[in-house]
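Reviewing the structure listed below.
Numbering (the numbering used here), first residue to last: 260 to 389.
Following this line, the structure appears as structure tokens:
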């Protein structure tokens, strides 16, 4: 039993030593003045869930300008009667190089299920930005 524990500790230490560096993200929403109360509430929910999901995936989410190597994510949310569409632009913080754009849409079901679906998808896509 002790030998297994020692082997596990060695493997864990090796994995952590050679792990890829943590990604650093800055989430920056472009606020528009003509949003309804429902849209503002949904944007706050998406923002909170997006930050939590990025952290859960091992990334760091910082406020403000961040570091030059940070990836700036600029999301925008469109609210439809029975659907949500989340678009995201990824830009490198230092030189403002465009890294990619993508969008995802969820329809049907409940708003909570739609939020969960689009945030999960966007986080998976954001992990592909280099």
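Note that the Cβ used here is the ideal one computed from N, Cα and C, for glycine as well. In this text the structure is predicted, and so the values were computed from the model without any measurement.
I need the DSSP call for residue 297, collapsed to helix, strand or coil. DSSP, reduced to helix, strand and coil, places residue 297 within a helical segment of the structure shown.
Give me the residue from 336, 355, 296 and 347 with the minimum Cα distance to residue 387. Of 336, 355, 296 and 347, the residue nearest in Cα terms is 347.
C-alpha distance - residue 298 paired with residue 373, whole-angstrom precision: Here the alpha carbons of residue 373 and residue 298 stand approximately 14 Å from one another.
Exposure label - residue 385; buried when at least 16 CB within 10 Å: Taking a 10 Å sphere around the C-beta of residue 385, we find 16 or more other C-beta atoms and assign the residue as buried.
Between the region 299-316 and the region 350-369, do three or more beta carbon pairs fall short of 8 Å? No: fewer than three Cβ pairs fall under 8 Å.
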